[in-house]
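So my numbering is basically just the index in the sequence shown, starting at one, shifted up by 57. Ideal Cβ placement from N, Cα and C applies to all residues, glycine included. Note that this is a predicted model, so its numbers are computed, not measured. Okay, so here's the structure we're looking at.
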Amino acid sequence: MDSINNPQLYLERMSKPLQEKLKIARFLPESGVKKILDVGCADGTVTLALADMYPEVDLVGIDLSGEFVKIAQDRIGERKNVRFEKGFLRERLANPERFDVVLFCSVLHEFYSYGEGISTIVKALADAHEILNPGGTLIIRDMILYNYASQSPLWVKKMREKVIAKEGILPLLTDFESYFGRADSTKNLNHFLLKYLYADNWEREGRENYVPVSFEEYDQILGLLGMQVLFQRSSTIPYLKSKWQADFDLTEAELESFRSTGIIVAEKLGKR
Ligand SMILES: C[S@@+](CC[C@H](N)C(=O)[O-])C[C@H]1O[C@@H](n2cnc3c(N)ncnc32)[C@H](O)[C@@H]1O
Numbered sequence: 058m059d060s061i062n063n064p065q066l067y068l069e070r071m072s073k074p075l076q077e078k079l080k081i082a083r084f085l086p087e088s089g090v091k092k093i094l095d096v097g098c099a100d101g102t103v104t105l106a107l108a109d110m111y112p113e114v115d116l117v118g119i120d121l122s123g124e125f126v127k128i129a130q131d132r133i134g135e136r137k138n139v140r141f142e143k144g145f146l147r148e149r150l151a152n153p154e155r156f157d158v159v160l161f162c163s164v165l166h167e168f169y170s171y172g173e174g175i176s177t178i179v180k181a182l183a184d185a186h187e188i189l190n191p192g193g194t195l196i197i198r199d200m201i202l203y204n205y206a207s208q209s210p211l212w213v214k215k216m217r218e219k220v221i222a223k224e225g226i227l228p229l230l231t232d233f234e235s236y237f238g239r240a241d242s243t244k245n246l247n248h249f250l251l252k253y254l255y256a257d258n259w260e261r262e263g264r265e266n267y268v269p270v271s272f273e274e275y276d277q278i279l280g281l282l283g284m285q286v287l288f289q290r291s292s293t294i295p296y297l298k299s300k301w302q303a304d305f306d307l308t309e310a311e312l313e314s315f316r317s318t319g320i321i322v323a324e325k326l327g328k329r
């Protein structure tokens, strides 16, 4: 991912919501976890925090970006239970090392945008399935929306007008709509609300599909892989909801079905 124009800004933005991201720790199995693979670890912020929370567990972080992996390696310090490697998930299939947990934190939407769309996601999940020990746990945290989440179409139309009323937003919305279609459905307007925040890096972020795979589609993919979905959660980071209300004068009721974050936990069949 060396095309990231401003790596410093990108990494700062990634590591800011660390406490929010660490909620994934609640979904780690209670016992039997010896090894965790963190796919798309960037500068290792989440991996290192997990390594500190679970000193008895070995963590491996992988990322495509050599620059990020180097930063992550330099941050290991005295820790003995963590290592970072540059590379594709796929390359690990030839390696006999297997894991009790595979984690995709804020990363699968990038696989989609910078890979080959849905086939890259399907392959990544299939690879994760193969790399897990029997009974192992897959955890996905990303921006995930429901296909069928629906606010009243009339309300969404009104909400879009409120969004347009904000000074300076129209060029971003027009550009967004040229990629993703008119933001007059709950899902599309929700997608835009997740995206306008990144106006400072719009050239890269504008085109990225933040919500390429819905909860329903993840269910289908994981079902085909024979994995059992144990848990799904769709939530809105409170800070974001307040920002949407403040920026666009949107009400609590209007934002009722708008979300920012999804978590999916699935288990590979077999005995751990
Ligand atoms: C948005 S960052 C997330 C970083 C970290 N997981 C976190 O939550 O803070 C996404 C990372 O995924 C990496 N990435 C994107 N596609 C990848 C792929 N196919 N294989 C491995 N890493 C990938 C990028 O280099 C980037 O560092």
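Check whether the Cβ of Val-270 lies closer than 6 Å to any heavy atom of ligand 1, and answer yes or no.
no
Which of helix, strand or coil DSSP assigns to Lys-328:
coil
Going by DSSP, what residue range makes up the beta strand (DSSP E) through Asn-190?
189-199
How long is the line joining the alpha carbons of Ala-129 and Leu-202, rounded to whole angstroms?
30 Å
Inter-residue spacing [alpha-carbon to alpha-carbon] between Ala-79 and Leu-85
One detail in the question is off: residue 79 reads as Leu in this sequence, not Ala. For Leu-79 and Leu-85, the distance between alpha carbons rounds to 11 Å.
With DSSP as the reference, please indicate the residues paired to Val-139 in a beta bridge.
Answer is Leu-116.
Report yes if the C-beta of Leu-116 is less than 6 Å from at least one heavy atom of ligand 1; otherwise report no.
Look at Leu-116: its beta carbon is at least 6 Å from all of the heavy atoms in ligand 1.
DSSP three-state label for Ser-163, please.
coil
Nearest residue (CA-CA) to Leu-195, options Tyr-205, Ser-207, Ala-181 and Asn-204:
Ala-181
Would you say Ala-99 and Asn-138 are within 7 Å of each other, going by their C-beta atoms?
no
Between the stretch 186-200 and the stretch 157-169, do three or more beta carbon pairs fall short of 8 Å?
When Cβ pairs closer than 8 Å are counted between the two stretches, the stretch 186-200 is seen to touch the stretch 157-169, the count reaching three or more.
Let me confirm a value: Gly-174 is counted as buried when at least 16 other C-beta atoms fall within 10 Å, else exposed. Which label applies?
Flag for Gly-174 reads exposed.
With three or more C-beta pairs closer than 8 Å as the rule, is the stretch 278-287 touching the stretch 211-229?
no
Residue environment, Tyr-275, which counts as buried when at least 16 other CB atoms sit within 10 Å
buried
With a Cβ-Cβ cutoff of 7 Å, do Thr-104 and Asp-95 count as a contact?
yes
With C-beta atoms as the reference, is Gly-118 less than 7 Å away from Phe-141?
yes
Looking at the strands, I want to know which residues DSSP matches up with Gln-289.
Ile-321
Going by alpha carbons, who is nearest to Glu-154 out of Lys-92, Ser-291, Leu-312 and Val-126?
Lys-92
7 Å Cβ cutoff met for Leu-227 and Ile-221:
yes
From Asn-245 to Phe-237, what does the alpha carbon distance come to, in whole angstroms?
7 Å
The alpha helix (DSSP H) spanning Val-103 covers which residue range?
102-110
Thr-177 versus Tyr-169: straight-line alpha-carbon distance, rounded
6 Å
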